[in-house]
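Visitor: Below are the structure tokens for one structure; questions will follow.
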Amino acid sequence: MFGRAARKKVHVPDLFKATILEEKLVMFLISCVSSLKRALKKKCLMLLAVLFSLHAAQAAYFSQFSMREPDHDPCYESTGRPVRCVPEFINAAFGKPVIASDTCGMNGPSRFCTIKEGADGIMRERCEVCDASVLGQSHPASLLTDLNSPGNMTCWVSEPSLIPHNVSLTLSLGKKFELTYISMYFCSRLPDSMALYKSTDHGKTWIPFQYYSSDCKNMFGKATDVAITKHNEQEAVCTNAHNIAPGGNRIAFPFLENRPSALLFETSPVLQDWVTATDIRIVFTRLSADQTSLFGASNDVNDMPSNATEENLKQRYFYAMGELAVGGRCKCNGHASRCIFDKMGRFTCDCKHNTAGTECETCKPFHFDRPWGRATSHNANACVGR
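So the sequence shown is numbered by the UniProt record's numbering: it starts at 1 and just counts up by one.
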């Protein structure tokens with residue numbers, strides 16, 4: 001994929017179509033994962049995992065060349081006419097730092113146990129030691145955004161705890177991105193209740209993106225599966241994760257799915273703001289009901305079986321995730337084809353069309369002859385000066 005043939009010059013329209021098609025392929029696979037047909041869902045999960053791995057490998061390879069100028073500037077036609085341009089569609093989470101509020105083994109070795117079905121169909125318990133000071137036994141949050149493959153999945157694990165408590169994962173993207181989806185692969189059963197939040201100001205304030213729960217009303221004060229209309233398409237809704245991924249380990253949230261204005265995204269400031277984020281936060285609020293009943297536990301510490309020891313149950317109560325993928329593009333408002341690190345070390349858009357700013361959100365000095373505008377497929381809205 002990255003040989004010489006991949007480095008030949010490509011006409012700008014063809015390159016733009018290629019990235020759009022890739023984005024649509026990811027969205028199709030995410031929709032397919034939600035299919036109720038088990039065989040079809042399994043195939044789509046495999047294809048989605050391979051595509052995520054390719055995205056990560058592609059990001060790792062091209063990071064070596066991120067400071068190079070492209071052979072042909074996609075922001076201009078060969079005649080010099082400005083056109084809308086966008087950075088490549090990537091897994092924006094790859095290699096980015098993730099902060100966990102809780103990780104196993106941080107205060108000394110601890111044990112966590114899972115139940116897995118063997119080749120003979122018999123369910124067996126398997127226990128492991130987690131120790132943050134031992135490389136082969138640690139499960140830090142950095143494993144969520146490293147280079148994973150379906151056959152080599154590394155997992156973050158929270159500290160086992162019997163008392164229900166909120167555990168959060170916070171991902172910093174470094175600057176504003178326009179996101180297409182969030183995909184989470186769990187190494188254990190799906191949590192029963194969790195919430196997704198976004199920040200557009202580097203973690204100063206947080207806005208809910210999506211809620212998941214088998215009891216939306218009591219957990220989040222939301223009705224289940226509320227219909228999305230033009231009046232509420234920028235609001236978080238609540239659904240049951242076990243319904244969208246029955247028996248599976250992956251939850252994928254497409255940001256524009258079922259949003260009425262999605263087909264008019266270019267002219268919808270509401271949705272443009274809806275998909276914009278600098279940071280993502282995932283908050284787990286309750287373990288899977290299936291997991292607790294399977295282990296003989298419950299989400300209520302007072303509901304423990306009389307023959308179960310507190311320590312044994314605690315080892316089975318934890319959250320574990322193997323992959324956090326965030327598909328999207330560096331936000332440049334249609335005025336840049338890539339993002340770079342500037343001389344001050346800040347990640348920013350490589351702005352064209354006489355625009356300036358971290359997201360090309362303003363005109364350069366002395367180029368205000370017409371108001372700044374976001375580029376569209378019909379009008380580049382380049383800033384004009386004398």
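C-beta: ideal position from N, C-alpha, C; glycine also.
From the DSSP secondary-structure annotation, give me the bridge partner or partners of Val-279.
Guide: The question names Val, but residue 279 in the sequence shown is Asp. By DSSP's assignment, Asp-279 forms a beta bridge with Ser-172 and Ser-199.
Visitor: Using three-state DSSP, classify Gly-136 as helix, strand or coil.
Guide: helix
Visitor: Which value, in whole angstroms, describes the spacing of the CA atoms of Gly-80 and Val-384?
Guide: 14 Å
Visitor: Starting from Cys-216, follow the alpha helix (DSSP H) in both directions and report where the run begins and ends.
Guide: Residues 216-220.
Visitor: For Met-219, which residues in the same chain have their Cβ closer than 6 Å to its Cβ, ignoring the five residues on either side in sequence?
Guide: Excluding sequence neighbours, Met-219 sits near Ser-193 and Ser-213.
Visitor: With burial defined as no fewer than 16 other Cβ atoms inside 10 Å of the residue's Cβ, what is the status of Arg-370: buried or exposed?
Guide: exposed
Visitor: Just to check my reading of the structure: Cys-330 and Lys-175 have Cβ atoms closer than 8 Å, yes? What is that Cβ distance to the nearest angstrom?
Guide: 7 Å
Visitor: How many Å lie between Val-167 and Cys-104 at the Cα?
Guide: 12 Å
Visitor: Kindly give me the distance between the Cβ atoms of Gly-327 and Leu-196, rounded to whole angstroms, as I take these residues to be in contact under 8 Å.
Guide: With 8 Å as the limit, Gly-327 and Leu-196 do not qualify as a contact, their Cβ atoms being about 14 Å apart.
Visitor: Quick one, are the C-beta atoms of Cys-75 and Lys-314 less than 8 Å apart?
Guide: no
Visitor: How should residue 408 be labelled, buried or exposed, when 16 other C-beta atoms within 10 angstroms of its C-beta is the threshold for buried?
Guide: Residue 408 is absent from the structure shown; the chain starts at 1 and stops at 386.
Visitor: For Arg-346, count the other beta carbons within 10 Å of its own beta carbon; 16 or more makes it buried, fewer makes it exposed. Which is it?
Guide: exposed
Visitor: Answer yes if the segment 107-116 comes into contact with the segment 128-142, meaning at least three C-beta pairs across the two stretches below 8 Å, and no otherwise.
Guide: yes
Visitor: Using only CA atoms, which one of His-231, Asp-131 and Arg-374 lies nearest to Asn-258?
Guide: His-231
Visitor: For Glu-266, name the three-state secondary structure that DSSP assigns.
Guide: DSSP places Glu-266 in helix when its eight states are reduced to three.
Visitor: Using a Cβ-Cβ cut-off of 7 Å (strictly less than) and excluding sequence neighbours within five positions of Asn-302, which residues of its own chain qualify?
Guide: With a pLDDT of 48 at Asn-302, under the threshold of 50, the modelled position of that residue is not reliable, and the figure given next carries that caveat. Answer for Asn-302: no residue qualifies.
Visitor: Sort Gly-108, Asn-152, Arg-374 and Asn-354 by Cα distance to residue 389 and report the nearest one.
Guide: The structure shown has nothing for residue 389, since the chain only spans 1 to 386.
Visitor: Out of curiosity, what's the CA-to-CA distance linking Val-12 and Ser-377?
Guide: With a pLDDT of 34 at Val-12, under the threshold of 50, the predicted position of this residue should be treated as unreliable, and no value is reported.
Visitor: Is it buried or exposed for Leu-173, if we count other Cβ within 10 angstroms and need 16 for buried?
Guide: buried
Visitor: List, from N- to C-terminal side, the beta strand (DSSP E) runs of 3 residues or more that fit wholly inside the segment 322-358.
Guide: 339-341 and 347-349
Visitor: Could you tell me how far apart the beta carbons of Thr-355 and Thr-348 are, in whole angstroms, since I believe they sit closer than 8 Å?
Guide: Going by Cβ atoms, the distance from Thr-355 to Thr-348 rounds to 12 Å, so no, they are not a contact pair.
Visitor: Measure the alpha-carbon distance for Thr-154 versus Gly-322 and round it to whole angstroms.
Guide: CA-CA distance, Thr-154 to Gly-322, rounds to 5 Å.
Visitor: What three-state label does DSSP hand Gln-272 in the structure shown?
Guide: The answer is helix: DSSP assigns Gln-272 an H, G or I state.
Visitor: Counting only runs of 4+ residues fully inside the segment 94-120, write out the alpha helix (DSSP H) ranges in chain order.
Guide: For the segment 94-120, not a single whole alpha helix (DSSP H) run of length 4 or above is found.
Visitor: Going by beta-carbon coordinates alone, are Ile-228 and Pro-260 separated by less than 8 Å?
Guide: yes
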